[in-house]
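Contents: one structure, followed by commentary.
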Amino acid sequence: MIKYTVKRLLQSLVTVLIIVTIVFLLLRMLPTDYYFTEEQLMKFTEEQKQEQLLAAGLLDPIPEQLVRFYGDLVRLDFGESRRIQNGYPVTKVIGSKFQISMKLGIISIGISLVIGVLIGILQTRYKNRIPDHLGTIYTIFVNSVPALVSYSLVLVFGSRVLGLPSMYSTRNPGPSSILPLVCLSMTSIAWYALWTRRYMIDELNKDYIKLARVKGLETKKIMTRHVLRNAFVPIAQYLPQSILSTIGGSLLVERFFSVPGMGPLLTDSINRYDVNVVQTLVILYATLGILGTHDDYRPTYHTCRQRRNKIVEDQNKVLDQKLENEDELFHFVEYSPEAAEMIGYSDYSYWKSVFQNFLKRKSAVVLSIIFFALVIFSFIALAIGKYDYANLVTDSTKAFISPNSEYWFGTDNIGRDYWCQVWYASQTSIKLALIVAIGECALGITIGCLWGYVRQLDRFFTELYNLINNVPMILYMTLIALLIGQSFTIMSISLICFGWMVMARNVRNLVMMYRDREFNLASRTLGTPIGRILIKNVLPQLISVIILRLALSIPGTIGMESTLSYLGLGLDINTPSLGILLRNARSYFLDYPYLLVFPAVIVSIITITFYLIGNAFSDAADPRNHV
Numbered sequence: 063m064i065k066y067t068v069k070r071l072l073q074s075l076v077t078v079l080i081i082v083t084i085v086f087l088l089l090r091m092l093p094t095d096y097y098f099t100e101e102q103l104m105k106f107t108e109e110q111k112q113e114q115l116l117a118a119g120l121l122d123p124i125p126e127q128l129v130r131f132y133g134d135l136v137r138l139d140f141g142e143s144r145r146i147q148n149g150y151p152v153t154k155v156i157g158s159k160f161q162i163s164m165k166l167g168i169i170s171i172g173i174s175l176v177i178g179v180l181i182g183i184l185q186t187r188y189k190n191r192i193p194d195h196l197g198t199i200y201t202i203f204v205n206s207v208p209a210l211v212s213y214s215l216v217l218v219f220g221s222r223v224l225g226l227p228s229m230y231s232t233r234n235p236g237p238s239s240i241l242p243l244v245c246l247s248m249t250s251i252a253w254y255a256l257w258t259r260r261y262m263i264d265e266l267n268k269d270y271i272k273l274a275r276v277k278g279l280e281t282k283k284i285m286t287r288h289v290l291r292n293a294f295v296p297i298a299q300y301l302p303q304s305i306l307s308t309i310g311g312s313l314l315v316e317r318f319f320s321v322p323g324m325g326p327l328l329t330d331s332i333n334r335y336d337v338n339v340v341q342t343l344v345i346l347y348a349t350l351g352i353l354g355t356h357d358d359y360r361p362t363y364h365t366c367r368q369r370r371n372k373i374v375e376d377q378n379k380v381l382d383q384k385l386e387n388e389d390e391l392f393h394f395v396e397y398s399p400e401a402a403e404m405i406g407y408s409d410y411s412y413w414k415s416v417f418q419n420f421l422k423r424k425s426a427v428v429l430s431i432i433f434f435a436l437v438i439f440s441f442i443a444l445a446i447g448k449y450d451y452a453n454l455v456t457d458s459t460k461a462f463i464s465p466n467s468e469y470w471f472g473t474d475n476i477g478r479d480y481w482c483q484v485w486y487a488s489q490t491s492i493k494l495a496l497i498v499a500i501g502e503c504a505l506g507i508t509i510g511c512l513w514g515y516v517r518q519l520d521r522f523f524t525e526l527y528n529l530i531n532n533v534p535m536i537l538y539m540t541l542i543a544l545l546i547g548q549s550f551t552i553m554s555i556s557l558i559c560f561g562w563m564v565m566a567r568n569v570r571n572l573v574m575m576y577r578d579r580e581f582n583l584a585s586r587t588l589g590t591p592i593g594r595i596l597i598k599n600v601l602p603q604l605i606s607v608i609i610l611r612l613a614l615s616i617p618g619t620i621g622m623e624s625t626l627s628y629l630g631l632g633l634d635i636n637t638p639s640l641g642i643l644l645r646n647a648r649s650y651f652l653d654y655p656y657l658l659v660f661p662a663v664i665v666s667i668i669t670i671t672f673y674l675i676g677n678a679f680s681d682a683a684d685p686r687n688h689v
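Each residue of the sequence shown is one higher than the one before, counting from 63 in my numbering.
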């Protein structure tokens, strides 16, 4: 046990060092002008700039800078801030921010754990009744609607109806923390409720629960003493990961409510080229991420291997036993040509069965019609609109005109028609989502199959997964925006490069389940190439999961694009998207709510419909649901 723990810690340390090195090199690729403020760029001569860079050691060879950085890291010397708080130690700059993020994160996890588990218990207790349906609706809403939209709704309701502070204040941290805590807890509550319900329903179907009911044990005691206790075990295993993810993933909430935490500090330090602060934050985020997620499948893997070995041993014992009468194992059956004829013929078609099952879901069919109607109308709307997006001009005298007969969706803050902006942005977001979904699917399936089937590649892809997954995506996107720029193509490629991991991880886990089945062993014995085995034998078993991930990637991409656009890291300002419109509406929607309502409604329709369609089509594609 000690040997295994030490080995894992050393591997985690190596992973952290690789991540830090990659970020270090990326920062050194940025133009040196990022090191200076705008005032310094105007005042300093070229000689003075070189002197400043030389004093900071930024002109030294990269290997020399890297060795010096590692030497300081061994001494726990993280340097001083140059731009955020000039001359202050990095640890002091981060310390106060870390305390705020940590406090909000831990409180949020406590709230979400209690409320989420209670909701899951109520859903299980009243399965297929009103409490269960309400919990399902909440889960769908949280998982499908972009966070920026749900946070805006919370802000409007909390500030206008309840009178709570709309922005965080260090002078009044108690009341001003309520809305940020609500937003931080929303997703976690849905997650805990979903999995509590699932695990408790699994436990209710087991034999010992039936026995307890036969004995006359009260339902309340069964739910608390037996069902909940056993169902909470798998949930508790992911509690550390959930805590760390919440603390590290609060970037949007902190930026939205002006919370002076680590999230805004990260983006500000990158944009202002405060190298020491960025590098220290990367170390912190990578360490937190690896502690929560590194090799999370290993305990399960080892447990399954132990169980497998035990089963094999038991089977060998049975086979070694001498049977008293081997003839009792077999008996003759009568041959019937008519029965053989009936069994041998089948008009079963997989995809025909898939579509038949899907069409039986009337709600899914209606949602599909709504989505395609929305896509088609986005083109029609631009054609029937009174203004052309390419010819829009600013007119401050027409700013914030409410929707009327001339301006159907009103005007924005600079007097431009909002109708053509919204529908043009809808086309952009839908096109981006489809491209990213297809790219993620293709890359994720390819890597996932190799990851799960070729044992020699398992360690490589696992470490690659850890390198990408344990650092906030916002850091990579910020560096890409500074190094390359912002455009539709760059955004698409970036999201694909960082979004394939979920698909690949799911495919990998399923491939590992099917690769050693008897039919695959037989194919390998016959010399069938690996590629043919994966395509013909394994992939058909994964179609339902692939379709689900493909469908869920579309609302996920739209949500991510809106988040990045809100943080100023999305598409070019000249390429409008629903995310950019939501970002622009953030400053005005309390007084002019239509600026938020129209793009938010379209985003919600797209994401919710695809979320539900994806689940329905995934169920229809599952061979177990076919007859």
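No residue lacks a Cβ here, since even glycine has one placed at the ideal position from N, Cα and C. Computed from a predicted model, the values in this text were never measured in an experiment.
In the pairwise beta carbon analysis, the segment 669 to 680 is classified as touching the segment 426 to 438: at least three pairs are separated by under 8 Å. For Leu343, the CB contacts under 6 Å within the same chain, skipping 5 residues up- and downstream, are Leu328 in chain order.
At a cut-off of 4 residues, the continuous stretches assigned as alpha helix (DSSP H) that sit fully inside the segment 239 to 285 are 240 to 266 and 269 to 276. When DSSP assignments are scanned along the segment 161 to 221, no uninterrupted stretch of beta strand (DSSP E) that is 3 or more residues long falls wholly within it. Closest option to Thr232, judged by alpha-carbon separation, among Gly225, Leu166 and Leu196: Leu166.
From the listed residues His288, Ala255, Glu280 and Pro123, the smallest Cα separation to Asn267 is found for His288. One Cα belongs to Phe462, the other to Pro227, and the distance between them is close to 25 Å. Leu640 is a Cβ neighbour of Ser491, given a cutoff of 9 Å. Beyond the five residues adjoining it in sequence on each side, Ala443 comes within less than 6 Å, by CB distance, of Trp485 in the same chain, given in chain order. Our two residues, Tyr515 and Ser411, have alpha carbons roughly 28 Å apart in a direct line.
By the C-beta criterion, the segment 568 to 579 is judged to be in contact with the segment 498 to 511, since at least 3 inter-stretch pairs fall below 8 Å. Under the DSSP assignment, Ile546 falls outside any alpha helix (DSSP H); it carries neither an H nor an E label.
C-alpha of Leu75 to C-alpha of Ile664: approximately 45 Å in a straight line.
Cβ-Cβ distances below 6 Å link Ala487 to Pro638, Ser639, Leu640 and Leu643 in the same chain, with the five nearest sequence neighbours on each side left out; the list follows chain order. Taking a C-beta distance under 9 Å as the contact criterion, Tyr230 and Phe319 qualify as a contact pair.
Counting of Cβ neighbours within 10 angstroms places Asp336 among the buried residues, the total reaching 16 or more.
Ala683 is a Cβ neighbour of Ile609, given a cutoff of 9 Å. Pro617 has its alpha-carbon roughly 26 Å from the corresponding atom of Asn190. For Ile597, the number of other beta carbons within 10 angstroms of its own is below 16, and it is reported as exposed.
The three-state reading of DSSP puts Thr590 in coil, since its state is none of H, G, I, E or B. Around the beta carbon of Phe417, a 10 Å sphere encloses fewer than 16 other beta carbons of the protein chains shown; the residue is thus reported as exposed. Judged by DSSP in its simplified three-state form, Thr473 adopts strand. For Asn333, the uninterrupted alpha helix (DSSP H) run begins and ends at Met324 to Asn333, by DSSP.
Per DSSP, the beta-bridge partners of Asp479 are Thr473. Shown here, Glu468 sits in coil according to DSSP, grouped into three states, outside any helix or strand. Relative to Val573, the option among Trp513, Gly589 and Met535 whose CA is nearest is Trp513. Rounded to whole angstroms, the Cβ separation of Leu631 and Thr540 is 6 Å, and the two are in contact under 8 Å.
Listed in chain order, the beta strand (DSSP E) elements of length 3 or more contained wholly in the segment 408 to 466 amount to none. Comparing alpha-carbon positions, the option among Leu652, Leu215 and Ile558 lying closest to Ile497 turns out to be Ile558. Setting aside the 5 residues that flank it on each side, Asp479 is surrounded in the same chain by Gly447, Lys448, Tyr449, Leu454, Tyr469, Phe471 and Thr473, each with a C-beta closer than 8 Å to its C-beta; the list follows chain order. Residues of the same chain with a CB within less than 6 Å of the CB of Tyr150, apart from the 5 flanking positions on each side, are Ser143 in chain order. Nearest Cα to Tyr261 within the set Thr456, Gly182, Leu657 and Thr587: Gly182. By alpha-carbon distance to Phe679, the top candidate from Ile284, Lys414 and Arg90 is Lys414. The distance from the Cβ of Leu180 to that of Pro193 is about 11 Å, inconsistent with a contact at the 8 Å cut-off. Look at Pro151 here: in three-state DSSP terms it is strand.
Residue burial is scored here from C-beta neighbours: Thr201 has at least 16 other C-beta atoms within 10 angstroms and is therefore classed as buried.
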